[in-house]
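First residue of the sequence shown? That's 540 in the working numbering, and the numbers climb one at a time after it.
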Amino acid sequence: MDIRRVKQILSSSADIDVKYNGASVWIDKLNDDGLTATVHLRGPLEQRSEVEITELEES
C-alpha cells in the first residue's frame, strides 16, 4: 500500500478491509516518518503495532 491510499482510508468513514500478514487490522494513524503506520487487530484484542505501510494490503 502507498501513503496516498493510507491517508484515503484514514479519512474515509467506510469500513475498508486492510490486512497485515493475512490478519485484518485497523489503521490507527500514519506515523510522522510517512513510512510506517500504527495498526491494531480487528477484534477484542487491541494490541497496537507499528508496521511498514508497504506491508499493508487492501482486500
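Built from N, CA and C at the ideal position, the CB exists for glycine as well.
- In this chain, the beta strand (DSSP E) harbouring I566 covers A562 to L569.
- When DSSP states are grouped into helix, strand and coil, E594 belongs to the helix group.
- Non-local beta-carbon contacts of R544 in its own chain, meaning distances under 8 Å to residues more than five positions away in sequence, involve E597 in chain order.
- Closest by C-alpha distance to P583, out of S551, V557, S563 and A553, is S563.
- L549: not part of any beta strand (DSSP E); member of the alpha helix (DSSP H) spanning I542 to S550, first to last residue.
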